[in-house]
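Remarks on the structure that follows.
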Amino acid sequence: MPLLELFENCRLCPRECGINRLNEGKEALAGFCREAWGLRVGYVGPHFGEEPPITGTYGSGTVFFAGCSLRCSFCQNHQISRDGLGRSMTPDELFERVCEMVQLHHVHNINLVTPDHFFPHAFDLVARLRQKGYALPIVYNLSGYQSKEMVGQADEYADIYLPDFKYADTRLSRRFSSCKDYPDIALTAISEMVRQKGFLDSFQTGAPLAKKGVLVRHLILPGHAENSLDALTALFLEFGPLLPVSLMSQYTPLSPQEDQALNRNLTPEEFDRVYSHIMDLGFEHLFVQFPDKTKAALPPETPFLPDFLKERPFSGTRQQD
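Here is the structure:
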């Protein structure tokens with residue numbers, strides 16, 4: 006099937022809206038992601054806030070796609086995922102921007118952030134980069150809410166997967182992301198990613214940079230440590246102790262939430278409880294983001310909180326000479 010035909014009767018994500026995104030006007034925007042077929046992008050450039058084997062010295066070459074098929078109420082990228090910010094680009098323009106980024110900044114990989122509602126464009130971009138001779142690893146930076154079928158199609162266009170596993174509690178996935186089936190869908194998708202690529206190879210090779218494999222991320226939500234305990238247990242039971250996991254504590258309230266716990270930062274006690282659990286489980290390959298217990302909130306300038314109104318959204322994005 007030609008790639009653009011995937012936008013007809015769209016089933017690129019597990020919501021399977023069935024919208025013809027090739028239509029003109031509002032009809033094309035009627036799906037959950039609220040995106041037509043035309044590319045919209047929030048940022049193209051180096052990013053230094055990923056895990057060390059992804060960031061390296063010169064940064065990860067990120068493409069932040071606008072829109073999202075999950076649209077979590079607490080998203081730190083809400084400007085582009087929920088609020089409609091983003092620049093329209095043709096596939097040619099995106100290709101040229103990515104090539105320019107590689108040449109100017111010497112990034113270690115191409116990191117496609119939330120690309121699933123634009124999978125046809127992402128696949129096309131990767132194919133063109135490879136045709137031009139670029140051999141950088143291709144990273145798919147995902148919410149975890151992907152269908153097994155679409156992950157299967159991504160296989161030939163991907164080297165590394167960075168999926169989230171956000172929820173084990175279906176009540177939370179329904180409340181915060183409008184999907185009650187997240188845990189089952191995400192575990193199935195991650196299983197397919199692991200089948201394709203194995204675990205992140207830098208742990209086995211000892212190399213400073215990853216070339217292939219899967220690293221699963223989990224963000225601890227304030228007031229919902231039990232969800233984190235259950236999510237980490239589910240990952241351990243499904244994949245065992247060698248699964249690379251990144252435990253994140255960076256949650257910061259950005260807009261008023263109906264769930265009052267999400268209107269505050271994570272407490273040290275909540276983090277310690279989850280951290281103790283992940284250590285007790287016996288995961289052997291961990292990245293842990295330890296919170297600064299001296300601060301009630303992250304400082305205003307942090308590489309984890311982007312402002313996509315700026316040309317360089319991340320305060321940790323360094324300019325290479």
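If you want the numbering used here, it's the position in the sequence shown, counting the first as 1, plus 5. C-beta atoms are modelled at their ideal positions from N, C-alpha and C, and glycine is treated no differently. Owing to the predicted nature of the structure, the values given are computational and were not obtained by experimental measurement.
Let me confirm a value: residue i is counted as buried when at least 16 other C-beta atoms fall within 10 Å, else exposed. Which label applies?
{"i": "E12", "result": "The amino acid at residue 12 is misidentified as Glu; the sequence shows Phe. Buried is the call here."}
{"i": "K31", "result": "exposed"}
{"i": "D189", "result": "exposed"}
{"i": "A41", "result": "buried"}
{"i": "N82", "result": "buried"}
{"i": "D3", "result": "Past the boundaries of the shown model lies residue 3; the chain is included only from 6 to 326, so the question cannot be answered."}
{"i": "Q209", "result": "exposed"}
{"i": "G218", "result": "buried"}
{"i": "L109", "result": "exposed"}
{"i": "A33", "result": "buried"}
{"i": "S74", "result": "buried"}
Rounding to the nearest angstrom, what Cα-Cα distance links residue i and residue j in this structure?
{"i": "T67", "j": "V221", "result": "18 Å"}
{"i": "A301", "j": "L205", "result": "Any reading at A301 must be qualified, since the residue scores a pLDDT of 48, below 50, and its modelled position is unreliable; the value itself is stated next. Rounded to the nearest angstrom, the two C-alpha atoms are 33 Å apart."}
{"i": "G157", "j": "L167", "result": "15 Å"}
{"i": "L267", "j": "L310", "result": "16 Å"}
{"i": "D164", "j": "F128", "result": "12 Å"}
{"i": "L240", "j": "Q294", "result": "18 Å"}
{"i": "L303", "j": "T257", "result": "Bear in mind that the predicted position of L303 carries a pLDDT of just 47, short of 50, making it unreliable; the figure below should be weighed with that in mind. So the two alpha carbons sit approximately 7 Å from each other."}
{"i": "E29", "j": "E274", "result": "51 Å"}
{"i": "I225", "j": "F70", "result": "24 Å"}
{"i": "T238", "j": "S320", "result": "34 Å"}
{"i": "G211", "j": "A230", "result": "32 Å"}
{"i": "T332", "j": "G138", "result": "In this structure the chain extends from 6 to 326, so residue 332 is not present and cannot be described."}
{"i": "G228", "j": "R135", "result": "45 Å"}
{"i": "S281", "j": "G245", "result": "17 Å"}
{"i": "P50", "j": "A215", "result": "Note that residue 50 is Gly in the sequence shown, not Pro. Taking the straight line joining both Cα atoms gives about 19 Å."}
{"i": "R278", "j": "C104", "result": "44 Å"}
{"i": "P305", "j": "R317", "result": "With a pLDDT of only 43 at P305, under 50, the local geometry of the prediction cannot be trusted, and no value is derived from it."}
{"i": "Q324", "j": "K315", "result": "Only weak support exists for where Q324 lies, its pLDDT of 42 falling under 50; the coordinates are left without a value."}
{"i": "N114", "j": "T272", "result": "34 Å"}
{"i": "P180", "j": "F37", "result": "Sequence check: residue 180 is Arg here, not Pro. If you take the alpha carbons of R180 and F37, they lie about 15 Å apart."}
{"i": "G72", "j": "F276", "result": "30 Å"}
{"i": "N25", "j": "N14", "result": "5 Å"}
{"i": "S260", "j": "F79", "result": "7 Å"}
{"i": "N146", "j": "L117", "result": "6 Å"}
{"i": "E55", "j": "V250", "result": "13 Å"}
Out of the options, state which residue places its alpha-carbon closest to the alpha-carbon of residue i.
{"i": "A159", "options": "C18, R87, M94", "result": "C18"}
{"i": "Q255", "options": "N232, M155, H223, G245", "result": "H223"}
{"i": "S152", "options": "Y187, G203, N270", "result": "Y187"}
{"i": "R39", "options": "S281, H229, H122, A173", "result": "H122"}
{"i": "L286", "options": "D235, S260, R102, L75", "result": "D235"}
{"i": "T60", "options": "G203, A132, P142", "result": "P142"}
{"i": "L175", "options": "L192, K315, V118", "result": "Looking at the sequence itself, residue 175 is Thr, so the reference to Leu does not match. The candidate whose alpha carbon is nearest that of T175 is L192."}
{"i": "G149", "options": "S182, R133, V131", "result": "S182"}
Using 8 Å as the threshold, is the C-beta distance between residue i and residue j below it?
{"i": "G91", "j": "R16", "result": "no"}
{"i": "L247", "j": "L291", "result": "no"}
{"i": "S178", "j": "E243", "result": "no"}
{"i": "F313", "j": "G89", "result": "no"}
{"i": "Y63", "j": "H126", "result": "no"}
{"i": "N232", "j": "Y162", "result": "no"}
{"i": "G43", "j": "S93", "result": "yes"}
Would you say the beta carbon of residue i comes nearer than 7 Å to a heavy atom of the ligand NAD?
{"i": "L291", "result": "With respect to the ligand NAD, the structure shown offers nothing to examine, as it has no ligands at all."}
For this session: Could you pull out every unbroken alpha helix (DSSP H) segment of at least 4 residues lying fully inside the stretch 119-165, listed in chain order?
Result: 124-136, 153-159
Problem set entry | alpha helix (DSSP H) runs contained entirely in the stretch 159-224, provided each spans 4 or more residues | 175-182, 187-202, 207-210
Problem set entry | Sequence ranges, alpha helix (DSSP H) only - wholly within the stretch 44-112, length at least 4 | 57-60, 83-86, 96-110
Exercise. Which parts of the stretch 214-294 are runs of the alpha helix (DSSP H), unbroken and 4 residues or longer, counting only runs that do not cross its ends?
Worked result: 230-244, 273-286
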